[in-house]
Amino acid sequence: MITEAVNILAKREDLYNCLIKAEIFKELENNYPIIKLEKLLIDRKNGTWGEDYIEGGIKVKVLRSQDIRHGFVDYGKAEVRYISKVDFEKNQLVDGDILVIKSNGSQDLVGKSQIFYSNEIDKIIPSNFLMRIRADRNLILPDYLDLFLKSPQALKWRVDKQSTTTGLRNLDSEGYVSLDVPLPMLEQQKIIVENYHSFIKGNFSKKTIFNITRLEKFKNLCHATTNISIEFDQQQTYLNLLRQTILQEAVQGKLTKQNTKDEPASELLKRIKAEKQKLIKAGRLKKEKELPLITEDEIPFELPEGWVWCRLKELGFITGGGTPSTNKSEYWNGNIPWITPKDMKADYLNDSEDKVTIEGVNSSSAKLIPANSVLVVGRSGILKRLLPVCINNVECTVNQDLKVLVPHLPEMARYIQLMLQGHQEFILKDLVKYGMTVHSLMYQEFEMQVFPLPPLAEQKSIIAKVHQLQKQQSQLEAQVQQSREYAHQLLQSVLKEAFEEKGKVYELKEEKVSMVAEE
0 MITEAVNILA KREDLYNCLI KAEIFKELEN NYPIIKLEKL LIDRKNGTWG EDYIEGGIKV
60 KVLRSQDIRH GFVDYGKAEV RYISKVDFEK NQLVDGDILV IKSNGSQDLV GKSQIFYSNE
120 IDKIIPSNFL MRIRADRNLI LPDYLDLFLK SPQALKWRVD KQSTTTGLRN LDSEGYVSLD
180 VPLPMLEQQK IIVENYHSFI KGNFSKKTIF NITRLEKFKN LCHATTNISI EFDQQQTYLN
240 LLRQTILQEA VQGKLTKQNT KDEPASELLK RIKAEKQKLI KAGRLKKEKE LPLITEDEIP
300 FELPEGWVWC RLKELGFITG GGTPSTNKSE YWNGNIPWIT PKDMKADYLN DSEDKVTIEG
360 VNSSSAKLIP ANSVLVVGRS GILKRLLPVC INNVECTVNQ DLKVLVPHLP EMARYIQLML
420 QGHQEFILKD LVKYGMTVHS LMYQEFEMQV FPLPPLAEQK SIIAKVHQLQ KQQSQLEAQV
480 QQSREYAHQL LQSVLKEAFE EKGKVYELKE EKVSMVAEE
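Residue numbers (numbering that gives the first Met the number 0): 0 to 518.
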């Protein structure tokens with residue numbers, strides 16, 4: 000159905016624009032001659048990449064597929080190359096040429112087109128990944144052809160006419176120029192382009208061949224759809240804020256009542272230190288220097304009664320991971336989960352995408368991590384907006400992009416996880432070093448950071464309260480998602496109706512919209 004093409008196109012441009020173009024060219028196909036694209040061109044040619052340097056050559060800018068943006072050509076990032084004078088004359092772009100992406104890794108980009116205006120830049124040519132087509136202005140206006148090639152009708156055809164080689168998707172160029180184009184007279188083409196630009200601004204002239212009532216219906220539909228989408232996005236934003244607020248309030252003791260009969264956290268901290276000493280005596284941990292006392296300057300807020308401040312490093316043994324050699328097949332496809340940032344998508348982990356063997360672990364800096372440890376993403380682009388913290392339900396190992404805290408008291412793992420999640424905003428702001436694409440935890444500062452520690456009994460109450468509130472939160476999110484899906488179904492129903500007329504159903508069949516049923 001043509002609605003499928005509208006949906007695809009609407010992913011990168013305004014839905015209303017897509018509907019207007021679909022309606023325009025549906026009307027034109029029903030009322031004007033249909034001509035093959037190749038009959039409307041005076042030239043078509045694949046571009047060239049040129050050379051790094053040619054003695055006596057011409058210095059040019061070469062446009063690549065990524066320079067063909069939606070609605071414009073991005074000349075600023077074009078590559079500077081050299082070509083001969085003969086090749087320049089063959090490949091030089093002139094006003095009104097249309098550039099078509101003929102090879103790309105993305106299905107959505109192959110066949111994407113954009114008109115070129117020569118007053119924007121000179122000495123510029125297309126690369127070998129682009130095809131240039133030049134309209135016969137005696138038959139078709141470049142602006143009209145540009146509009147048609149961006150319509151849902153043209154889009155649906157080019158998505159279906161692609162092949163794949165060596166990871167690239169390629170446009171069937173011969174098939175592309177056999178595309179059916181509805182062809183009004185030149186003066187009408189000019190009016191149609193003007194009409195389109197007026198329609199997308201919401202201005203409906205009565206001097207048009209199109210059904211104004213239907214176009215206004217599209218406008219109202221899209222306006223309502225946009226408002227609904229904005230409302231859903233706002234609801235999801237509020238729910239995300241609520242989820243983070245729950246965690247922040249929980250680890251500050253604001254969601255639970257303190258019980259003076261509980262063993263105070265100061266005693267809990269002594270037990271944690273005693274467990275650490277046992278590990279040192281057993282040779283499982285190295286003895287370290289005494290940690291510095293916590294100063295008043297490090298304390299961000301007042302704690303509830305019975306709580307204490309502690310450094311993260313006091314709560315467990317912190318370690319990293321590694322990657323076994325990828326050249327050794329015997330190190331991979333074993334039965335030990337090898338956790339990387341891509342696996343850190345839930346509070347609890349039972350498995351991983353990749354697995355290693357014990358030989359792989361022993362041959363690298365990777366280590367076996369006991370179940371019920373706290374895993375933290377320490378290096379990833381995701382640290383720009385999120386701090387993934389998970390607990391492994393099974394023994395595993397991790398790569399070098401993760402940090403692991405093995406609690407001295409295993410029963411504290413869930414609280415430590417909530418504690419880190421509740422301080423996500425602070426950690427991302429003050430304990431992450433930001434690079435161009437990859438961001439990293441400042442490990443030394445992270446390990447020495449102070450965090451609030453409640454009594455063990457209250458930790459259990461906090462965990463129960465957070466579980467209760469997050470369950471309610473998940474129910475709200477499910478309701479929002481269900482409402483979003485209902486709205487989407489309604490939109491698809493209206494779109495289907497929009498491209499049906501009483502007694503007639505239009506469908507994109509082969510290369511063009513055609514009537515497939517009539518009462």
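Cβ coordinates follow ideal geometry from the N, Cα and C atoms, glycine included. These numbers were taken from a predicted model, which means no experiment stands behind them.
- Inter-residue Cα distance where the pair is Lys200 and Tyr31: Position 201 of the sequence shown, counting from 1, holds the residue named residue 200. Position 32 of the sequence shown, counting from 1, holds the residue named residue 31. Approximately 26 Å, taken between the alpha carbons.
Please state the DSSP three-state secondary structure of His438.
Translated into the one-based positions of the sequence shown, residue 438 becomes position 439. In the structure shown, His438 sits in a strand (DSSP, three-state: E or B).
* Residues near Lys312 by beta carbon distance below 8 Å, same chain, minus five either side -> Position 313 of the sequence shown, counted from the start, is the residue given in the question as residue 312. So the qualifying residues of the chain are Leu290, Glu446 and Met447.
(message) Please list the terminal residues of the continuous beta strand (DSSP E) segment that includes Ile381.
(response) Looking up residue 381 in the sequence shown gives position 382. Premise fails: Ile381 is in no beta strand (DSSP E) and is neither H nor E.
Helix, strand or coil: how does DSSP classify Met411 here? Within the sequence shown, the letter at position 412 stands for residue 411. Met411 falls in the helix class under three-state DSSP.
Q.
Three Cβ pairs or more, each shorter than 8 Å: is that satisfied between the region 273 to 284 and the region 355 to 364?
A. no
Practice prompt. Any chance you could list the alpha helix (DSSP H) runs of at least 4 consecutive residues sitting entirely within the region 106 to 149, in chain order?
Written response: 141 to 148
Subject >> Nearest candidate by alpha-carbon position, reference Pro336, set Val192, Glu329, Gln467 and Thr356 >> reply: Position 337 of the sequence shown, counted from the start, is the residue given in the question as residue 336. Among Val192, Glu329, Gln467 and Thr356, the Cα nearest to that of Pro336 is on Thr356.
- prompt: Is it the case that the Cβ atoms of Phe115 and Asp96 are separated by a distance below 9 Å?
  reply: Translated into the one-based positions of the sequence shown, residue 115 becomes position 116. Translated into the one-based positions of the sequence shown, residue 96 becomes position 97. Yes. Within cutoff.
Nearest to Asp86 (by Cα), restricted to the options Lys58, Gln113, Val99 and Leu98 = Here residue 86 corresponds to residue number 87 of the sequence shown, with the count starting at 1. The option with the nearest alpha carbon to Asp86 is Lys58.
- Task: With a threshold of 16 other CB atoms inside 10 Å of the CB of Ile19, please say whether the residue is buried or exposed.
- Result: Counting from one through the sequence shown, the residue named residue 19 turns up at place 20. By the neighbour-count rule (16 or more Cβ atoms within 10 Å), Ile19 is buried.
- Mind reading off the beta-carbon distance from Ile338 to Cys395? Whole number of angstroms is fine, and I expect it under 8 Å. Here the question's residue 338 lines up with position 339 in the sequence shown. Here the question's residue 395 lines up with position 396 in the sequence shown. Yes, they are in contact, since the Cβ atoms of Ile338 and Cys395 sit about 5 Å apart, within 8 Å.
* Nearest-angstrom Cα separation, counted from Ala370 out to Met411 -> Numbered from its first residue, the sequence shown carries residue 411 at position 412. Numbered from its first residue, the sequence shown carries residue 370 at position 371. Distance between the alpha carbons of Met411 and Ala370: 13 Å.
**Message:** Going by the DSSP bridge assignment, what does Cys309 pair with across the sheet?
**Reply:** Sequence index remark: in the sequence shown, residue 309 carries index 310 (1-based). Note: Cys309 sits in a beta bridge opposite Phe450.
Open item on the list: In whole angstroms, give me the CA-to-CA distance for Gly252 and Leu302.
Closed with: Here the question's residue 252 lines up with position 253 in the sequence shown. Here the question's residue 302 lines up with position 303 in the sequence shown. Roughly 8 Å between the two C-alpha positions.
field: Residue range of the unbroken alpha helix (DSSP H) whose run includes Tyr195
entry: The sequence position of residue 195 within the sequence shown is 196, counting from 1. Leu185 to Phe198 is the extent of the alpha helix (DSSP H) around Tyr195.
Within its chain, find whatever has a CB closer than 7 Å to the CB of Gln91; leave out the 5 residues flanking it on each side and keep chain order. The residue you call residue 91 lines up with position 92 of the sequence shown. Here the set comprises Ile124.
Notebook entry, point to check: Alpha carbon to alpha carbon, how far is Asn399 from Ser379?
Noted result: Walking along the sequence shown from the start, residue 399 turns up at place 400. Walking along the sequence shown from the start, residue 379 turns up at place 380. The residue you asked about is not Asn; residue 399 is Gln in the sequence shown. The straight-line gap from Cα to Cα measures roughly 11 Å.
- Can you list, in chain order, the residues of its chain whose CB lies under 6 Å from that of Ile120, leaving out five sequence neighbours each side? Looking up residue 120 in the sequence shown gives position 121. Excluding sequence neighbours, Ile120 sits near Tyr74.
Whole-angstrom distance between Thr322 and Glu329, CA atom to CA atom: Start at 1 with the first residue of the sequence shown, and residue 329 comes out as number 330. Start at 1 with the first residue of the sequence shown, and residue 322 comes out as number 323. Roughly 13 Å between the two C-alpha positions.
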